[in-house]
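Data block below; observations after.
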Amino acid sequence: MYPFIEVTAVAALAMYGVLRGARRHFDLVGICYIAFAVAFGGGTLRDLLLDRHHVFWIENDHLVWIVMAIAVAGSIFPNLIARLEPVLWIPDALGLGLFSILGATYALDGGTGRLVACLMGVLTGSCGGVIADVTCNELPLVFRRSPLYATCSFCGAATFVALRELGVGNSLAMGIGVSVVVALRVGAVRWNWQLPTKPTSEERGV
Amino acid sequence: MYPFIEVTAVAALAMYGVLRGARRHFDLVGICYIAFAVAFGGGTLRDLLLDRHHVFWIENDHLVWIVMAIAVAGSIFPNLIARLEPVLWIPDALGLGLFSILGATYALDGGTGRLVACLMGVLTGSCGGVIADVTCNELPLVFRRSPLYATCSFCGAATFVALRELGVGNSLAMGIGVSVVVALRVGAVRWNWQLPTKPTSEERGV
Amino acid sequence: MYPFIEVTAVAALAMYGVLRGARRHFDLVGICYIAFAVAFGGGTLRDLLLDRHHVFWIENDHLVWIVMAIAVAGSIFPNLIARLEPVLWIPDALGLGLFSILGATYALDGGTGRLVACLMGVLTGSCGGVIADVTCNELPLVFRRSPLYATCSFCGAATFVALRELGVGNSLAMGIGVSVVVALRVGAVRWNWQLPTKPTSEERGV
Numbered sequence: 003m004y005p006f007i008e009v010t011a012v013a014a015l016a017m018y019g020v021l022r023g024a025r026r027h028f029d030l031v032g033i034c035y036i037a038f039a040v041a042f043g044g045g046t047l048r049d050l051l052l053d054r055h056h057v058f059w060i061e062n063d064h065l066v067w068i069v070m071a072i073a074v075a076g077s078i079f080p081n082l083i084a085r086l087e088p089v090l091w092i093p094d095a096l097g098l099g100l101f102s103i104l105g106a107t108y109a110l111d112g113g114t115g116r117l118v119a120c121l122m123g124v125l126t127g128s129c130g131g132v133i134a135d136v137t138c139n140e141l142p143l144v145f146r147r148s149p150l151y152a153t154c155s156f157c158g159a160a161t162f163v164a165l166r167e168l169g170v171g172n173s174l175a176m177g178i179g180v181s182v183v184v185a186l187r188v189g190a191v192r193w194n195w196q197l198p199t200k201p202t203s204e205e206r207g208v
Numbered sequence: 003m004y005p006f007i008e009v010t011a012v013a014a015l016a017m018y019g020v021l022r023g024a025r026r027h028f029d030l031v032g033i034c035y036i037a038f039a040v041a042f043g044g045g046t047l048r049d050l051l052l053d054r055h056h057v058f059w060i061e062n063d064h065l066v067w068i069v070m071a072i073a074v075a076g077s078i079f080p081n082l083i084a085r086l087e088p089v090l091w092i093p094d095a096l097g098l099g100l101f102s103i104l105g106a107t108y109a110l111d112g113g114t115g116r117l118v119a120c121l122m123g124v125l126t127g128s129c130g131g132v133i134a135d136v137t138c139n140e141l142p143l144v145f146r147r148s149p150l151y152a153t154c155s156f157c158g159a160a161t162f163v164a165l166r167e168l169g170v171g172n173s174l175a176m177g178i179g180v181s182v183v184v185a186l187r188v189g190a191v192r193w194n195w196q197l198p199t200k201p202t203s204e205e206r207g208v
Numbered sequence: 003m004y005p006f007i008e009v010t011a012v013a014a015l016a017m018y019g020v021l022r023g024a025r026r027h028f029d030l031v032g033i034c035y036i037a038f039a040v041a042f043g044g045g046t047l048r049d050l051l052l053d054r055h056h057v058f059w060i061e062n063d064h065l066v067w068i069v070m071a072i073a074v075a076g077s078i079f080p081n082l083i084a085r086l087e088p089v090l091w092i093p094d095a096l097g098l099g100l101f102s103i104l105g106a107t108y109a110l111d112g113g114t115g116r117l118v119a120c121l122m123g124v125l126t127g128s129c130g131g132v133i134a135d136v137t138c139n140e141l142p143l144v145f146r147r148s149p150l151y152a153t154c155s156f157c158g159a160a161t162f163v164a165l166r167e168l169g170v171g172n173s174l175a176m177g178i179g180v181s182v183v184v185a186l187r188v189g190a191v192r193w194n195w196q197l198p199t200k201p202t203s204e205e206r207g208v
């Protein structure tokens, strides 16, 4: 089950990267860069911070081939991936759940505190997009008004960490944690849940 | 003495991050991201480059709680922190001194050369701000005309490294190094000391 | 031979950094930052990802002195370096070749797969420029229409990896790999070879 979710989630992230690159008319090199940044950025940062070696995609060669294949295919046939876009958020939500809880697990296994474990979950889940946005010279999406993303990740990771502290078995805690992230994310996309922000002066009509 | 300066310095950096995020109307997630980037960015990069594990904030859990608390409080009561802003540069200057000399110490202890130790001091002191600026899609402040910051860091670190080479005890050398950074930074803010730059054509009135 | 190419390549990269900083009217601190980012960014990322410690420039102190000297000299006498610009692409091409093949070698020695080794070559060769561009708040040059750069790196690294697999001796494989990168890069600059991109609506005259 786990490797299957991982592959589909990495593929969904890579496709988002390809779509973003194609929209900005990058060439193959640029599209590959963005696809790798979105798919691998968060996990790489997690592995470096927790001193896990090899980094996960160096260890799991097949993920690199998948992202590369998607980037090349997406550069040649951009419409192929554009047609998948409406359903991409589903594997993306699954991946957010999986990566968030994996990040928290690795952190706890590495002996970090509880809050750090939750943050490592958030970082694994959302930093790839931040790195890609920053590289593309755009303000990261998680900083702008958009449906909850990092928040879903945090709540799920916190649930998982709390359950582990309460003595719940690891597999059950992981299952519940992933479900919390996915359920929140599905709700956020469906009903456009957002965190409150203060209106800018333009929005207040000034 | 040292833990007290560290906590106030991290808190000051986190408040700067919160103010910057609030000014750009980020939501809680964005404000947390910036607060963590400003407070932990430089030290994290230093620890990764010198292969020190765990990274300092994973080791010192309480710093993470402090930054998180400031980010949450600052999102709910932005005026609270805005009122502290006029005096924030004082703990910030202390923190710049502390982090610069700590960075240089860790580098020397890790067996690096002298120039590398000075640069590691600068990087520890100023890279958090650079990472936060880049993430916010702004040109880093240290690249723009502003009172000396990285330069104070470099001079203090160089003084510290020179004193250690001359056989001065570590504590005394650290004390003098921190004092040099703080004195220079206070002077730079007070009298607006800047490095020379070539005027742009607009500034020359062309 | 190798240390000589390394020093000239690092010097060429640092000069590009100085020119870029000077054009944007950065002060000495900004110019140093950019020069270090261009010269050391790619190799640093490679060393962190492959867990090679110390990072190459901490190990090889003299490279840091060279970049620092170029940044200081370039801030004081900007015309000196500007006059060298027309020929800088030659040591830069050599450096691209050297760093790409070195990156791939280190990766294979670290036990990575073949595709990862090729990508590590590309990353070593081109990530310094990407980091510098992102820090300067510009869209990375490798993402915009420009003569082949990362592609040369990839083709040379792939040739090197293939030759090693076929049992060719390491030195010969490295020599051929470097030659492929340099030859492609010289051709790309000379005849302006680019990867195809889809025209933007402006370019289509819409």
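Protein chains in written order, with this note's numbering: chain A, 3 to 208; chain B, 3 to 208; chain C, 3 to 208.
Backbone N, C-alpha and C fix where the C-beta goes; we use that ideal spot for every residue, glycine too.
Asked, Found
"Pull up the distance between the alpha-carbon of serine 77 of chain C and that of alanine 24 of chain C, whole angstroms please.", "7 Å"
"In chain C, which residues lie with their C-beta within 7 Å of the C-beta of valine 57 of chain A?", "Leu51"
"When the distance is taken between beta carbons, is leucine 100 of chain C closer than 9 Å to isoleucine 7 of chain C?", "yes"
"Less than 7 Å between C-beta atoms, sequence neighbours within five positions excluded: which residues of the same chain meet that for leucine 21 of chain C?", "Ile83, Ala84 and Glu87"
"Just the chain B side, please: which residues come within less than 7 Å of methionine 70 of chain C by C-beta, in chain order?", "Leu117"
"Which chain B residues are close to phenylalanine 145 of chain C, counting only those with a beta carbon under 8 Å from its beta carbon?", "Ordered by position in chain B, no residue passes the 8 Å Cβ test against phenylalanine 145 of chain C, which lies about 16 Å from the chain."
"With 7 Å as the C-beta to C-beta threshold (strictly closer), list the residues of the region 65 to 93 of chain B near chain A in chain order.", "Val66, Trp67 and Met70"
"Could you name the residues of chain C that isoleucine 103 of chain A contacts, counting a contact when the two beta carbons are closer than 8 Å?", "None at all; the shortest Cβ gap to chain C is about 24 Å."
"Which residues, taken in chain order from the region 5 to 30 of chain B, show a beta carbon closer than 7 Å to some beta carbon of chain A?", "His27, Phe28, Asp29 and Leu30"
"Between the Cα of aspartate 29 of chain A and those of A/Ala75, A/Val188 and A/Leu117, spot the shortest distance and give me the residue it belongs to.", "A/Ala75"
"Taking only beta-carbon positions, decide if alanine 190 of chain C is within less than 9 Å of chain A.", "no"
"For valine 132 of chain C and valine 144 of chain C, which I take to be in contact (beta-carbon distance under 8 Å), what is that distance rounded to the nearest angstrom?", "6 Å"
"Leaving out the 5 sequence neighbours to the left and right, which residues in its chain are closer than 8 Å to valine 191 of chain A when beta-carbon positions are compared?", "Trp91, Ala95 and Pro149"
"For chain A, check one thing: does any of its Cβ atoms lie closer than 9 Å to the Cβ of valine 208 of chain C?", "Residue placement at valine 208 of chain C cannot be trusted, given a pLDDT of 40 that sits under 50; what the coordinates show is reported in the next sentence. No, valine 208 of chain C does not count as interfacial toward chain A."
"When the cut-off is 9 Å and only beta carbons count, does tyrosine 151 of chain C lie next to chain A?", "yes"
"Give the single residue among B/Ala41, B/Met70 and B/Gly45 whose Cα lies nearest to the Cα of glycine 123 of chain B.", "B/Gly45"
"Just reading off the alpha helix (DSSP H) that threonine 126 of chain C is part of, what are its end residues?", "116 to 137"
"So with Cβ pairs under 9 Å, would you call threonine 199 of chain C a contact of chain B?", "no"
"Does the ligand NAP have even one heavy atom less than 8 Å from the beta-carbon of glycine 169 of chain C?", "In the structure on display, the ligand NAP does not appear, and there are no ligands present to speak of."
"Quick check on asparagine 194 of chain A: does DSSP put it in helix, strand or coil?", "coil"
"Can you name, in chain order, every residue of its own chain whose Cβ lies under 7 Å from the Cβ of phenylalanine 38 of chain C, other than the five neighbours on each side?", "Val69"
"Sort C/Gly32, C/His27, C/Val9 and C/Ala14 by Cα distance to phenylalanine 58 of chain C and report the nearest one.", "C/Val9"
"By the three-class DSSP mapping on this structure, what secondary structure does glycine 76 of chain B have?", "helix"
"9 Å is my cut-off, CB to CB: does glycine 112 of chain A come that close to chain B?", "yes"
"Out of C/Ala164, C/Gly189 and C/Ala185, which one is the CA nearest neighbour of alanine 175 of chain C?", "C/Ala164"
"Might you give, ordered along the chain, the residues of its own chain that have their beta carbon closer than 7 Å to the beta carbon of asparagine 47 of chain A, omitting 5 neighbours on each side?", "For the record, residue 47 of chain A in the displayed sequence is leucine; it is not asparagine. Result list for leucine 47 of chain A: Leu125 and Cys129, in chain order."
"Give the residues from the region 128 to 141 of chain C that approach chain B closer than 9 Å (Cβ to any Cβ), ordered along the chain.", "Val136, Thr137, Cys138 and Asn139"
"Under the rule that 16 or more other beta-carbon atoms within 10 Å means buried, what is valine 182 of chain B, buried or exposed?", "buried"
"Is arginine 85 of chain B helix, strand or coil by DSSP?", "helix"
"In the structure shown, what three-state DSSP assignment does glycine 23 of chain B receive?", "helix"
"Starting from the Cα of threonine 107 of chain A, find the closest Cα among A/Ala73, A/Ala134, A/Pro93 and A/Gly171 and give me that residue.", "A/Gly171"
"Based on Cα-Cα distance, which residue from A/Ser173, A/Ala185 and A/Val188 lies nearest to tyrosine 4 of chain A?", "A/Ser173"
"Chain B partners of isoleucine 178 of chain C, CB-CB under 8 Å?", "Ordered by position in chain B, no residue passes the 8 Å Cβ test against isoleucine 178 of chain C, which lies about 33 Å from the chain."
"When the cut-off is 9 Å and only beta carbons count, does threonine 261 of chain A lie next to chain C?", "Lying before the first or after the last residue shown, residue 261 of chain A is absent from chain A, which here runs from 3 to 208."
"What does glycine 43 of chain C touch in chain B if you count any residue whose Cβ is under 9 Å from its own?", "By Cβ distance, chain B contributes nothing, its closest Cβ being about 12 Å from glycine 43 of chain C, past 9 Å."
"I'd like to check one pair, alanine 13 of chain B with valine 40 of chain B: are the Cβ atoms closer than 9 Å?", "no"
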